[in-house]
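Residue numbers (the numbering used here): 12 to 392.
For every residue, glycine included, the Cβ atom is placed at its ideal position computed from N, Cα and C.
Worksheet for the structure shown next.
Take a look at the structure:
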């Protein structure tokens, strides 16, 4: 195109080059996203015995403050992309039979707020205490969890609600399942079989197929199974884990034994058979400790593959101490608590606490360390 202008200086011709139009939207090539890493963290049982509940009471605010019991581990719970915990109690309201611990648990609903405050995202609710306050208690528990901004899985209000949880993080879709071996002999109400996910291979296969049809990149199963107070998995646990891996599950977190059980990598699948107690009043050896397990995954969008790239763990211990005449509970990272005592940075840890912390470190690392797959404790100094 030639444009001609005439002015006082004479005639000028200006040539312009016509720019090509961009290709239609349908022809534009979308850039493949760069690979992303996601950290998924799991902890074991919130086994809310009444001494633990009482110790969270704040007389000045006249309210329960459960987050204060988790201050020492908050940064390890809040930093990951997804943090999962097992709720081994009900949040059914004081009016539903009052608050109680073993054998039928019911805890103040403020626990849900405390869990959310310290960084927990997903709460597993299918366990042997799911019906401790009946079906109404199950419904109220779910309402309290959801009101706090938590995502429950394993219990459901209606048949339409009963489906696996799917979360999307950094364009990666993660499916989460939760099942229990039983409900302590309390029958599921007639017509409400949908309310609790029970371990059953046929129904589990359907759930896994559902997640695969949703094109999830990773499938996690959190299983309430095993033999209480046994530090090795039984044959049922081993067989179930093998079956689920064959069906397409990638990561399995176990709980219920109230003690730690070993972890293992099988091909590119990970299992820890029991995460132990995260917080409880069980003060005897092995039940007073637990673990924070961290699983890092990497999604490659070019090959559309997702795999586990790293696993590590943080040993934890429930520290019971006295403050201003009141018994207190807190979850502490074992390694840091040991160093704080040695450096005289924490005067609430006694000499006997220190000795027990050293034992817990040995008990945990001897059971869990896996040098072959480089699964070792994470430094927390």
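(request) Decide if residue 228 is buried, meaning its Cβ has at least 16 other Cβ atoms within 10 Å, or exposed. (result) A residue is called buried when at least 16 other Cβ atoms come within 10 angstroms of its Cβ; residue 228 meets this threshold and is buried.
(message) Using only the alpha-carbon positions, how far apart do residue 329 and residue 52 sit?
(response) Roughly 19 Å between the two C-alpha positions.
(request) Could you have a look at residue 101 and say whether DSSP puts it in helix, strand or coil? (result) Residue state, collapsed to three classes: coil.
(request) Just grab the DSSP bridge partners of residue 264 for me. (result) According to DSSP, which records beta bridges pairwise, residue 264 is partnered with 233 and 283.
(request) Could you check the C-alpha separation between residue 61 and residue 294 for me, to the nearest Å? (result) Note on geometry: alpha-carbon atoms of residue 61 and residue 294 lie some 14 Å from one another.
(request) Return the chain-ordered ranges of every beta strand (DSSP E) run that is complete within the segment 89 to 151 and spans a minimum of 3 residues. (result) Correct list: 93 to 98 and 133 to 135.
(message) I'd like to confirm the pairing. Which residues does DSSP put opposite residue 344 in its beta bridges?
(response) Answer by DSSP bridge pairing, in chain order: 327.
(request) Examine the Cβ distances between the segment 365 to 384 and the segment 258 to 266 and report whether three or more of them are shorter than 8 Å. (result) Because the criterion of three Cβ pairs below 8 Å is not met, the segment 365 to 384 and the segment 258 to 266 do not touch.
(request) Please report how far the alpha carbon of residue 313 lies from the alpha carbon of residue 338, in whole angstroms. (result) Roughly 55 Å between the two C-alpha positions.
(request) Taking 8 Å as the threshold, find out whether the segment 200 to 220 comes into contact with the segment 159 to 177 through three or more Cβ pairs. (result) Judged by Cβ distances under 8 Å, the segment 200 to 220 makes contact with the segment 159 to 177, as three or more pairs qualify.
(message) Suppose contacts are defined by Cβ-Cβ distances below 9 Å. Is residue 129 in contact with residue 163 by that definition?
(response) Not a contact, by the Cβ cut-off of 9 Å.
(request) Give me whichever residues DSSP pairs with residue 278 in a beta bridge. (result) Note: residue 278 is not bridge-paired with any residue in the DSSP secondary-structure output.
(request) Note down, in chain order, each residue of its chain lying with its Cβ closer than 7 Å to the Cβ of residue 44, except the 5 sequence neighbours on either side. (result) Spatial neighbours of residue 44 in its own chain (CB-CB distance under 7 Å, excluding positions within 5 residues in sequence) are listed in chain order as 182 and 312.
(request) Could you tell me the distance, in whole angstroms, from the CA atom of residue 225 to the CA atom of residue 90? (result) Distance between the alpha carbons of residue 225 and residue 90: 27 Å.
(message) In the DSSP output, which residue or residues are listed as bridge partners for residue 304?
(response) According to DSSP, which records beta bridges pairwise, residue 304 is partnered with 53 and 324.
(message) Would residue 127 and residue 153 be called neighbours here (beta carbons separated by less than 9 Å)?
(response) In this structure, residue 153 does not lie closer than 9 Å to residue 127 by Cβ.
(message) Which residue marks the beginning of the alpha helix (DSSP H) containing residue 374, and which one marks its end?
(response) 362 to 379 is the span of the alpha helix (DSSP H), which, as asked, contains residue 374.
(request) Taking residue 184 as the reference, give the member of 378, 97, 345 and 49 with the closest Cα. (result) Residue 184 has its Cα closest to that of 49, out of 378, 97, 345 and 49.
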